[in-house]
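Colleague: Sequential numbering from 3 applies to the sequence shown in the working numbering.
Glycine included, each C-beta is placed from N, C-alpha and C at the ideal position.
Keep in mind the model is a prediction, meaning the values are calculated, not measured.
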Amino acid sequence: MATRLHRCAHRILLVTLLAAIMFCSARDLRAELFRIALSTRDFGYLPLYVGMRAGMFAQENLDVQWIQVGSSVVVTALLAGEIDVAGIAGSSMRAAARGAPLKAVFFPYHRSLFVLMGAPSIKRVQDLKGKVIGTTGPGGTTELAASMVLQNHNMDPRKDVTFMNIGGAETSVIAMRNGTIHARAFNPDAAVLLKKQGFTELAVLADMGPWPWAGYSTSDAHLNSRRDKLKRWTRAMVKSLQFIKTRKDETLKIAQGEFNHPRDVIEGAWEICMKAIDAQNPGGVSDDDMHKNIDLTITQPLKLSASPPLAQLVDFSVLREVHKELGIAGRK
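1. In the structure shown, what three-state DSSP assignment does Glu323 receive?
2. On the premise that Arg55 lies in contact with Trp215, defined as a C-beta separation below 8 angstroms, what is that separation, rounded to the nearest angstrom?
3. Kindly identify the DSSP beta-bridge partner or partners of Met119.
4. By the three-class DSSP mapping on this structure, what secondary structure does Leu105 have?
5. Per the contact definition of three or more C-beta pairs closer than 8 angstroms, is the region 73 to 84 in contact with the region 113 to 129?
6. Taking DSSP as the reference, what is the three-state secondary structure of Glu34?
7. Leaving out five residues before and five after Val87 in sequence, what residues of the same chain have Cβ atoms less than 6 angstroms from its Cβ?
8. List the DSSP bridge partners of Ala88.
9. If I measure Cβ to Cβ from Phe25 and keep anything under 6 angstroms in the same chain, skipping five residues before and after, which residues do I get?
10. Applying the criterion that 16 or more other CB atoms from any shown protein chain within 10 Å of the CB defines a buried residue, is Leu104 buried or exposed?
11. Classify Gly200: buried if its beta carbon has 16 or more other beta carbons within 10 angstroms, exposed otherwise.
12. Are the beta-carbon atoms belonging to Gly371 and Arg186 less than 8 angstroms from one another?
13. Tell me whether the beta-carbon of Gly286 lies closer than 8 angstroms to the beta-carbon of Phe318.
14. At the level of alpha carbons, what is the spacing between Thr299 and Glu145?
15. Just reading off the beta strand (DSSP E) that Phe165 is part of, what are its end residues?
16. Find the nearest neighbour of Ser94 within the set Ala331, Gln302, Arg228 and Gln314, judged by alpha-carbon distance.
17. Applying the 10 Å Cβ sphere with the 16-neighbour rule, what's the burial state of Ala148?
18. Tell me the DSSP bridge mates of Trp68?
19. Distance, Cα to Cα, Ala177 vs Ile168?
20. Taking the alpha-carbon of Val316 as reference, which of Asp44, Asp222 and Gln153 has the nearest alpha-carbon?
21. With a threshold of 8 angstroms, are at least 3 pairs of Cβ atoms found where one atom belongs to the region 53 to 70 and the other to the region 267 to 283?
22. Identify whether Gly329 lies in helix, strand or coil by the three-state DSSP scheme.
23. Taking 8 angstroms as the cut-off, does the region 44 to 53 touch the region 249 to 269 (at least 3 CB pairs, one atom from each stretch)?
24. By the three-class DSSP mapping on this structure, what secondary structure does His12 have?
25. Considering Thr78, what are the terminal residues of the alpha helix (DSSP H) in which it resides?
26. Return the residue from the list Met157, Lys161, Leu196 and Gly101 that minimises the CA-CA distance to Ala171.
27. Leaving out five residues on either side along the sequence, give the residues of the same chain with a beta carbon under 6 angstroms from the beta carbon of Ala238.
28. Nearest-angstrom Cα distance between Phe36 and Ala308?
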């Protein structure tokens, strides 16, 4: 009898210990929350969505959750440590130029995804002389993109056209239809849709040279205290870019599910993304291209006497560690 009781107690103890071990293991394996803020939900963030749907973040034991909020709120949230990264590298870099402890850490694209689209009556860039170009606001990326195209065609953005703050993509399309504006820079999926409707593709910015695009930023505090977490996210993002480059059909299916466009529209937008992803330096930007971008998007618009040091605005140290682990040479 005593022996039976002893065996029963032994079994109960063993089951209890196994249950405790399983509970601890499940707790340890539970994915860590990783919070991302985006100011818009557009095609430029395709690598993030691919990473979520294709399992890259799960492989790094990260539960990625994103929210859409205004850029001014995002900067505050980054500084308060309420989010891990934000897809507003441009806004963060401008804040960093004024002294905020923020850094851009990842750029999925080293060229802009924008496409300058014209109304059906506009057949070439030169036809925009004396016309109105829509923007999302003075000094914004839509205005900078249009200005770059004009300059590339020997036109003066300050004299040859008028810029009008027209708002988002939907209101811009209406304004182009009724003649209020004659052109605007659009994201690639919107541009492909417009081209199918008879609008004119005037210029693909990815064909015109480097412009770090759709970047992510974080706080200096996160870089120091949550470096491993940031590194796992970075590794997943690099693998997501590699996935997009090499697994077209699977990428298109994910993009269709996210954006609900026909396959031909998704494929056209994907082709523009292919021009913008740097396979030799995924997620990174060369120092020279970064300096040029800072001058274009920060120094000139903010009327600074000199560009801030690169180290004040950008930190690719985590990305370089990931590149080294994955055998990617990268660029300087």
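Modeller: The answer reads as follows:
1. helix
2. Going by Cβ atoms, the distance from Trp215 to Arg55 rounds to 21 angstroms, so no, they are not a contact pair.
3. Its beta-bridge partners are Arg186 and Glu203.
4. Looking at the sequence provided, one finds Lys at residue 105 rather than Leu. Looking at Lys105 - three-state DSSP - the assignment turns out to be strand.
5. no
6. strand
7. Once the five neighbours on either side are set aside, the close Cβ partners of Val87 are Ile38, Tyr218 and Thr220.
8. Ala39 and Ser219
9. Any reading at Phe25 must be qualified, since the residue scores a pLDDT of 41, below 50, and its modelled position is unreliable; no value is offered.
10. buried
11. When all chains shown are included, Gly200 counts as exposed.
12. Here the chain has residues from 3 to 334 only, and residue 371 is not among them.
13. Yes, the pair counts as a contact, with Cβ atoms nearer than the cut-off.
14. 11 angstroms
15. Thr164 to Asn167
16. Gln314
17. buried
18. Ile38
19. 8 angstroms
20. Asp222
21. Because the criterion of three Cβ pairs below 8 angstroms is not met, the region 53 to 70 and the region 267 to 283 do not touch.
22. coil
23. yes
24. Residue placement at His12 is flagged as unreliable, the pLDDT there being 47, under the threshold of 50; the coordinate-derived value follows with that caveat. Looking at His12 - three-state DSSP - the assignment turns out to be helix.
25. Ser73 to Ala82
26. Leu196
27. Gly53, Met58, Phe59 and Glu62
28. 36 angstroms
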